[in-house]
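This report concerns only the one structure given below.
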Amino acid sequence: MNHPTNEGRHDDDTALSDFLASLMDYTPTIPDELVEHYIAKSGFQCPDVRLIRLVAVATQKFITEVATDALQHCKARQTGAVKDKRDKQQKQDKRLTLTMDDLSKALREYGVNMKHQEYFADNPSVGMESTSRDE
Amino acid sequence: MGDSQIFYSAIARIAAAQICQSVGFTGSQSKALDAVANILTRHLQTLARSASSNANSSRRTHSNAFDLIHAIEQANSIHGFRGSSNPHRPFSRSGIVKDLVQFVQSIDEIPFAQPLPRTKRSGFSRRRGQSNGDGRRCGSHSHVPPWAPEFPDPSTCGEGARRSVCGGGDQLRGFCVEEETRAVDDRFVEHRDPEIRIDKQMMKFLPIERQRVRFKMVKELSAKRGEINTAKRPKPQQSSNPKQSPTDSEECNTRHEKHTANYQEPITAIQRDYLQIRNITGDQLVSVQ
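Just so you know, the sequences run in chain order A and B.
0 is the number of the first residue of the first sequence in numbering that gives the first Met the number 0; add one for each residue after it.
0 is the number of the first residue of the second sequence in numbering that gives the first Met the number 0; add one for each residue after it.
Have a look at this one:
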């Protein structure tokens, strides 16, 4: 088993403190006020702004990874659709739209089982017409 | 769902949309965006709850960086991270921290477009007596220690839940009374003096809880406020209404004086801090403390 030396441990502590200090100058996409609201609801108490930023960065990283996986699923689905050679729908599907199917597939890898309610309509053509109109 | 919940859900939705756009998406379904925003808020709360639990298990109420790193490791344990196989790893050498460092260095900084009001510092609801950000509680929940988590939003309590709370005993009676008062007239909020009701629109300009400061009028007010100052002015002995007795007149004056003094507090705070209206010449407000 590798036991880190005191010098290496000191370097790691310095790196961690430097990273936390760099968060003071970093503005996450998730605003601090939003993070403060939700962590206060959970009983988290810490006046340090750096830890609030750390929570925001960790959450942003998680959402970014989920969104990246969903994007890969979306691109893979579009690639499969191109092979079908539907020229008319090819232009429409080139838009990278986040859908529930791609999102649920991406979230399944992270232990989140998301199921959305089925869409009910009189007949299948009703849903297709509304979708084509939106696009 | 309370107003604050709707507001913060909308903010989370915008933040999720910004993240999705930075990844490369050009559009999104509305339901998918709602789901991402919901997962974002749940992830925030999961991290905070886990870090708080770690701190409490160490007999602390305030969390530190190591509690938070441990919470992030627990949240990422499903997917795995570097160094997770070593149970003796120090937190400073955690692979999660290295991944976060790389993530911060790799992505572009996309701050939120608009500044947000920091309502956490001023408390979630002043009139419901819940905690403010400094750990102090006011109102009917002042007996709850500051390290305890927040009460749920009273608007989420159904009719059955409210009835069960009311039947719990005298300790929670204030909670129910507030709810009933709010249901009667939602536009106004309670004041210390039951005769005075403050408009909600005025409360919106007071996001910060301030100490109670009473003011005494030293000089005469201007002509515009002459009617308020008449209450402070010593009245002559003879009453304007001959039918009214002198004792009734004095009692009326003191009541009016008290009413006016109480009503000056929110107006003065708004003028000083937000609207920043200059002091009216001829007025001097002296703190009595």
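In this text, a Cβ means the ideal position worked out from N, Cα and C, and glycines have one as well.
Since residue i meets chain B, which of its residues come closer than 9 angstroms, beta carbon to beta carbon?
i, result
"residue 23 (chain A)", "Residues of chain B passing the Cβ test: none, with the nearest at roughly 12 angstroms."
"residue 114 (chain A)", "The contacting residues do not exist; residue 114 (chain A) stays about 11 angstroms from chain B at best."
Who are the neighbours of residue i on chain A, taking C-beta pairs under 9 angstroms?
i, result
"residue 147 (chain B)", "42"
"residue 80 (chain B)", "Simply none; closest approach about 11 angstroms."
"residue 83 (chain B)", "Result: empty, since nearest Cβ-Cβ is about 15 angstroms, beyond 9 angstroms."
"residue 69 (chain B)", "Residues of chain A passing the Cβ test: none, with the nearest at roughly 12 angstroms."
Run through DSSP, which three-state label would residue i get?
i, result
"residue 23 (chain B)", "coil"
"residue 26 (chain A)", "coil"
"residue 95 (chain A)", "coil"
"residue 107 (chain B)", "coil"
"residue 97 (chain B)", "helix"
"residue 62 (chain A)", "helix"
"residue 47 (chain A)", "coil"
"residue 56 (chain A)", "helix"
"residue 78 (chain A)", "helix"
"residue 40 (chain B)", "helix"
"residue 227 (chain B)", "Residue confidence is low: residue 227 (chain B) scores 49 on pLDDT, short of 50, so the model does not pin down where it sits. Its coordinate-derived value is still stated next. Helix, per DSSP."
"residue 45 (chain B)", "helix"
"residue 73 (chain A)", "helix"
"residue 111 (chain A)", "coil"
Measuring straight from C-alpha to C-alpha, what distance separates residue i and residue j?
i, j, result
"residue 22 (chain B)", "residue 99 (chain B)", "17 angstroms"
"residue 18 (chain A)", "residue 7 (chain B)", "28 angstroms"
"residue 74 (chain B)", "residue 80 (chain B)", "11 angstroms"
"residue 184 (chain B)", "residue 1 (chain B)", "Note that residue 184 (chain B) scores 45 on pLDDT, short of 50, meaning its location in the model is unreliable; the coordinates nonetheless yield the value given after this. Cα-Cα distance, rounded: 16 angstroms."
"residue 140 (chain B)", "residue 95 (chain B)", "39 angstroms"
"residue 201 (chain B)", "residue 154 (chain B)", "Note that residue 201 (chain B) scores a pLDDT of 49, beneath 50, so its modelled location is shaky; the value from the coordinates is reported in the next line. So the alpha carbons of these two residues sit roughly 22 angstroms apart."
"residue 62 (chain B)", "residue 51 (chain A)", "11 angstroms"
"residue 97 (chain A)", "residue 55 (chain A)", "22 angstroms"
"residue 25 (chain B)", "residue 53 (chain A)", "28 angstroms"
"residue 104 (chain B)", "residue 113 (chain A)", "31 angstroms"
"residue 165 (chain B)", "residue 150 (chain B)", "Only weak support exists for where residue 165 (chain B) lies, its pLDDT of 45 falling under 50; the value from the coordinates is given anyway. Approximately 16 angstroms between the Cα atoms of the pair."
"residue 86 (chain B)", "residue 115 (chain A)", "38 angstroms"
"residue 47 (chain B)", "residue 99 (chain A)", "27 angstroms"
"residue 97 (chain B)", "residue 4 (chain B)", "34 angstroms"
"residue 41 (chain B)", "residue 10 (chain A)", "34 angstroms"
"residue 107 (chain B)", "residue 152 (chain B)", "36 angstroms"
"residue 75 (chain A)", "residue 67 (chain A)", "12 angstroms"
Name the chain B residues whose beta carbon is nearer than 7 angstroms to that of residue i?
i, result
"residue 72 (chain A)", "By Cβ distance, chain B contributes nothing, its closest Cβ being about 12 angstroms from residue 72 (chain A), past 7 angstroms."
"residue 77 (chain A)", "Chain B residues near residue 77 (chain A): none, gap ~12 angstroms exceeds 7 angstroms."
"residue 57 (chain A)", "46, 71 and 99"
Just to make sure I have the definition right: I need the residues of chain A whose C-beta is within less than 7 angstroms of the C-beta of residue i. Which are they?
i, result
"residue 351 (chain B)", "Only positions 0 to 288 of chain B appear in this structure, which leaves residue 351 (chain B) out of reach."
"residue 108 (chain B)", "25 and 26"
"residue 142 (chain B)", "Those within 7 angstroms of residue 142 (chain B) in chain A number zero; the least Cβ separation is about 17 angstroms."
Can you name, in chain order, every residue of its own chain whose Cβ lies under 7 angstroms from the Cβ of residue i, other than the five neighbours on each side?
i, result
"residue 65 (chain B)", "90"
"residue 93 (chain B)", "68, 72 and 82"
"residue 135 (chain A)", "The question about residue 135 (chain A) has no answer here: the residues shown for chain A are numbered 0 through 134."
"residue 28 (chain A)", "59"
"residue 109 (chain A)", "65"
"residue 102 (chain B)", "none"
"residue 88 (chain B)", "82"
"residue 12 (chain B)", "32, 33 and 36"
"residue 45 (chain B)", "74"
Between residue i and the ligand FAD, is the CB less than 8 angstroms from at least one heavy atom?
i, result
"residue 67 (chain A)", "As far as ligands go, the structure on display features none, and thus does not contain the ligand FAD."
Within a Cβ cutoff of 6 angstroms, which residues of the same chain sit near residue i, ignoring the five residues on either side of it in sequence?
i, result
"residue 12 (chain A)", "none"
"residue 109 (chain B)", "17 and 21"
"residue 146 (chain B)", "60"
"residue 148 (chain B)", "none"
"residue 49 (chain B)", "70 and 73"
"residue 113 (chain B)", "none"
"residue 136 (chain A)", "Nothing about residue 136 (chain A) can be reported from this structure: the residues present for chain A run from 0 to 134 only."
"residue 242 (chain B)", "Any reading at residue 242 (chain B) is ruled out, since the residue's pLDDT is 47, under 50, leaving its predicted position unreliable."
"residue 14 (chain A)", "none"
"residue 156 (chain B)", "none"
"residue 170 (chain B)", "Its pLDDT being 41, under 50, residue 170 (chain B) is placed unreliably by the model, and the measurement read from it follows with that caveat. Same-chain partners within the cutoff: there are none."
Note down, in chain order, each residue of its chain lying with its Cβ closer than 8 angstroms to the Cβ of residue i, except the 5 sequence neighbours on either side.
i, result
"residue 49 (chain A)", "19, 20, 22 and 23"
"residue 14 (chain B)", "36, 39 and 111"
"residue 57 (chain A)", "none"
"residue 163 (chain B)", "Caution is warranted here: a pLDDT of 47 is assigned to residue 163 (chain B), below 50, making its placement in the model unreliable, and no coordinate value can be reported."
"residue 76 (chain B)", "83"
"residue 115 (chain B)", "10"
"residue 38 (chain A)", "51 and 54"
Can you pull the chain B neighbours of residue i, defined as C-beta to C-beta under 8 angstroms?
i, result
"residue 66 (chain A)", "18, 19, 22, 24 and 35"
"residue 60 (chain A)", "98, 99 and 102"
What residues of chain A sit near residue i, judged by a beta carbon separation below 8 angstroms?
i, result
"residue 28 (chain B)", "96, 97, 98 and 99"
"residue 73 (chain B)", "What residue 73 (chain B) touches in chain A: nothing, since even the nearest Cβ is about 11 angstroms away."
"residue 62 (chain B)", "43, 44, 45 and 50"
"residue 155 (chain B)", "The contacting residues do not exist; residue 155 (chain B) stays about 12 angstroms from chain A at best."
"residue 51 (chain B)", "41, 42, 43 and 44"
**OP:** Would you check if there are 3 or more beta carbon pairs closer than 8 angstroms linking the stretch 31-41 of chain B to the stretch 38-45 of chain A?
**Re:** no
Original post:
Counting pairs of Cβ atoms below 8 angstroms between the stretch 72-79 of chain A and the stretch 27-35 of chain A, do you hit three or more?
Top reply: no
Original post:
Is there contact here, the stretch 46-57 of chain B with the stretch 91-104 of chain A, by at least three beta-carbon pairs under 8 angstroms?
Top reply: no
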